[in-house]
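In the UniProt record's numbering, the protein residues as written are 1 to 361. In this text, a Cβ means the ideal position worked out from N, Cα and C, and glycines have one as well. If you're wondering where the values come from, they're calculated on a predicted model, not measured in any experiment.
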């Protein structure tokens, strides 16, 4: 087994604990930054592993990775003599300048010199290639290009999402997937039945389905799905936050406050739950709680103009317009062209002026 690490994972090999547990010999390529396997040092490392495989009698090889790692598994399969390639939500290219003109990682792409990015000429046509992906998401554009390559099998998992390894793991399908790919026995019909029968066990499936329902303007279904995701994965802060925001949109304010508060307990040192709690408490008209929560969030991320705006809104609603002016001014200095900052400053000053006039009268 030869794996390639995913985006933002720089400390451990992809699936290293899994393969160690199951006694599967593995080499792990670990990117030190999000370079999509472009540096010349990567090719040197691939050559070194290929030599080691020669010295060990050239055992059967499968390359494996997810997202950026799936790209690496495809790009270097030929050089490693891979018999099988297992890719989870891979990219054909992360370069926005080439098809399918991917923009999700444009910030990372600006740091990369794409000198080794011609997938069409680099991918191994002889290897058996398995691609697991969500056809309802943006990864499908990449898979359409992979599908033109011989010996490519597509395993569709609708609402599996981009981090589809998590979804498969939660559904209890990842182990079966990996070992079936390793022996070349992955079957599309069997996989379709497995996914259909087990996907509801995965909190991330419900999470992705909830967001798809929201995009299709089905808020009641979206709320139901996000609630189910939060129930299945009670320690997933992101699931709790998105469920709470969905509750807020449906005007279930008291319940939203409860869920946001739970999220602050799960991640007390992250500002996002405090931000949500402040907004929900403000809608609930508990302005003291709204201010405390916004202050806590801002304390955790002092340079956040967004959190300053959340605090300012709570202060204005609480009648503390003078303090609101003091809080928003640093945000205006950092973002002088931000219209929302100016709007809040004008609102705070107007509220303060009204308060002064009332006091004089």
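Discussion item. I'd like to know if the region 303 to 314 and the region 281 to 294 are in contact, where contact means that at least 3 CB-CB pairs between them fall below 8 Å.
Written reply: Enough Cβ pairs lie closer than 8 Å, so yes.
Worksheet item: So residue 348 packs on residue 321, CB below 8 Å; how close in whole Å?
Response: Contact check for residue 348 and residue 321: beta-carbon distance about 5 Å, within the 8 Å limit, so the pair qualifies.
Fill in: Closest Cα partner of residue 338 within the set 164, 306, 168
The shortest Cα separation from residue 338 among 164, 306, 168 belongs to 306.
Item to complete: Can you check the region 195 to 219 for any alpha helix (DSSP H) of at least 4 residues that lies completely inside it and give the ranges in chain order?
Response: 203 to 215, all fully within the region 195 to 219.
Worksheet entry | Per-residue DSSP class, three states only, for residue 87 | If DSSP states are grouped into helix, strand and coil, residue 87 belongs with the strands.
Practice prompt. Inspect the beta-carbon positions of residue 225 and residue 244 and report whether they are closer than 8 Å.
Written response: The beta carbons of residue 225 and residue 244 sit no closer together than 8 Å.
Worksheet item: So what's residue 288 in DSSP terms, helix, strand or just coil?
Response: Here residue 288 sits in helix by DSSP.
Practice prompt. Answer yes if the region 73 to 88 comes into contact with the region 203 to 213, meaning at least three C-beta pairs across the two stretches below 8 Å, and no otherwise.
Written response: The region 203 to 213 makes no contact with the region 73 to 88, as fewer than three CB pairs between them are under 8 Å.
Worksheet item: If you compare alpha carbons, which of 131, 210, 93, 125 is closest to residue 113?
Response: Of the candidates 131, 210, 93, 125, 93 places its Cα closest to the Cα of residue 113.
Worksheet item: Okay, do the region 254 to 268 and the region 232 to 240 touch, 3+ Cβ pairs below 8 Å being the bar?
Response: With the cut-off at 8 Å, the region 254 to 268 and the region 232 to 240 touch.
Worksheet item: Quick one: Cα of residue 116 to Cα of residue 123, how far?
Response: Looking at the backbone, the Cα of residue 116 and that of residue 123 are separated by about 12 Å.
Worksheet entry | Close-in-space but distant-in-sequence residues of the same chain around residue 50 (CB under 8 Å, 5 per side omitted) | If we look at residue 50 and ignore the five residues flanking it on each side, its Cβ neighbours are 79, 80, 81.
Discussion item. What does the Cβ neighbour count give for residue 160, buried or exposed, with the cut at 16 atoms within 10 Å?
Written reply: Buried: at least 16 other Cβ atoms inside 10 Å.
Discussion item. On the criterion of 16 or more Cβ atoms from any shown chain inside 10 Å, does residue 11 qualify as buried, or is it exposed?
Written reply: With a 10 Å radius around the Cβ and a threshold of 16 neighbouring Cβ atoms, residue 11 comes out exposed.
Discussion item. Closer than 8 Å is the cut-off here; do at least three beta carbon pairs connect the region 156 to 175 with the region 184 to 195?
Written reply: They touch, by the three-pair rule.
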